[in-house]
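Q: My questions all concern the structure below.
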Amino acid sequence: MIFFFNSMRTIDEQGYHFDEWLTPKEIAKDVQQVAKQISADYADKEPLFVVVLNGAFVFAADLLRALENVRCEVTFIRVSSYWGMSSTGQLEFIVPLQQVVDNRDVVIVEDIVDTGLTIHQLKAHLRGLGATSVRVASMLFKPNKLEYEDAKPDYVGHEITDEFVIGYGLDFDGFVRNLDAIYKVKE
Ligand code: PRP
Numbered sequence: 007m008i009f010f011f012n013s014m015r016t017i018d019e020q021g022y023h024f025d026e027w028l029t030p031k032e033i034a035k036d037v038q039q040v041a042k043q044i045s046a047d048y049a050d051k052e053p054l055f056v057v058v059l060n061g062a063f064v065f066a067a068d069l070l071r072a073l074e075n076v077r078c079e080v081t082f083i084r085v086s087s088y089w090g091m092s093s094t095g096q097l098e099f100i101v102p103l104q105q106v107v108d109n110r111d112v113v114i115v116e117d118i119v120d121t122g123l124t125i126h127q128l129k130a131h132l133r134g135l136g137a138t139s140v141r142v143a144s145m146l147f148k149p150n151k152l153e154y155e156d157a158k159p160d161y162v163g164h165e166i167t168d169e170f171v172i173g174y175g176l177d178f179d180g181f182v183r184n185l186d187a188i189y190k191v192k193e
């Protein structure tokens, strides 16, 4: 349930309190700024946007509609990344890639880059499949948590310290992805 306190929205979810951190207006500004950069960089190209489910679907919908003069194609994947028994990272495709990426300029769309493991492995995978270039657009980025330098996003909506956030695609045990703002957990 959403409450209003001094015009700031708050949420109670599973016993935790959250305060509104990025309003829909602030999010829209971030999305516009990212869209402007991508539109400039891909003006004469035909990039393939690879949207990482589930969290990125909200950001991707807004971002792709805000692009100008970019002839783009979009596809979706869902992955789970981990380090297995071997020394190489494992990338499990829950929803596999259905597009040929050979000779394509790829832009991965994420809701958040945390440790960077997912992006690190996904980038290596897409390059292995022959992508010409692989860049990353993420609504949120936690620079303090980054463990893989090559996973630093090329386009970032907003940087965040190591706090738990929900809304605008980000979930709490599968719920609240549909919130129109991003909420931060209250200490
Ligand atoms: C989240 C997020 C990224 C990943 C980031 O996905 O959407 O894909 O974690 O973490 P990392 O940088 O440490 O790899 P999650 O597995 O929670 O799935 P979801 O998108 O379905 O919520």
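Residue numbers are given in this note's numbering: position 138 of the sequence shown equals residue 144, and the series is strictly consecutive.
Backbone N, C-alpha and C fix where the C-beta goes; we use that ideal spot for every residue, glycine too.
On a predicted model such as this, the values are computed, not experimentally measured, just so you know.
At the level of alpha carbons, what is the spacing between L132 and Q96?
A: Roughly 14 Å separates the two Cα atoms.
Q: With a floor of 3 residues, list each beta strand (DSSP E) that falls wholly inside the stretch 127 to 171, ordered by position along the chain.
A: Whole beta strand (DSSP E) segments, 3+ residues: 139 to 147, 161 to 165.
Q: Based on Cα-Cα distance, which residue from S139, T81, K35, I100 lies nearest to A72?
A: The candidate whose alpha carbon is nearest that of A72 is K35.
Q: Alpha carbon to alpha carbon, how far is K192 from L103? Give it in angstroms, no decimals.
A: For L103 and K192, the distance between alpha carbons rounds to 37 Å.
Q: How about T121: is its Cβ closer than 8 Å to a heavy atom in the ligand PRP?
A: Indeed, a heavy atom of the ligand PRP lies less than 8 Å from the Cβ.
Q: Taking 8 Å as the cut-off, is the CB of D156 close to at least one heavy atom of the ligand PRP?
A: Not under cutoff, so the answer is no.
Q: When you compare only the Cα positions, how much space is there between N184 and G173?
A: Straight-line Cα distance between these residues: approximately 6 Å.
Q: Quick one: complete alpha helix (DSSP H) runs, 4+ long, within the stretch 39 to 74?
A: Runs found: 63 to 72.
Q: Here's the rule: buried if 16 or more other CB atoms are within 10 angstroms of the residue's CB, otherwise exposed. What is T167?
A: It is exposed - the Cβ of T167 has fewer than 16 other Cβ atoms within 10 Å.
Q: Would you mind sorting I100 into buried or exposed? The rule is 16 or more other CB atoms within 10 Å of its CB.
A: It counts as exposed.
Q: Output needed for N60: all residues of its chain with C-beta closer than 8 Å, excluding positions within five of it in sequence on either side, in chain order.
A: So the list reads R84, G175, D177, R183, once near-sequence residues are dropped.
Q: Exposed or buried, Q20, counting other C-beta atoms within 10 Å across all chains shown (16 or more means buried)?
A: Classification for Q20: exposed.
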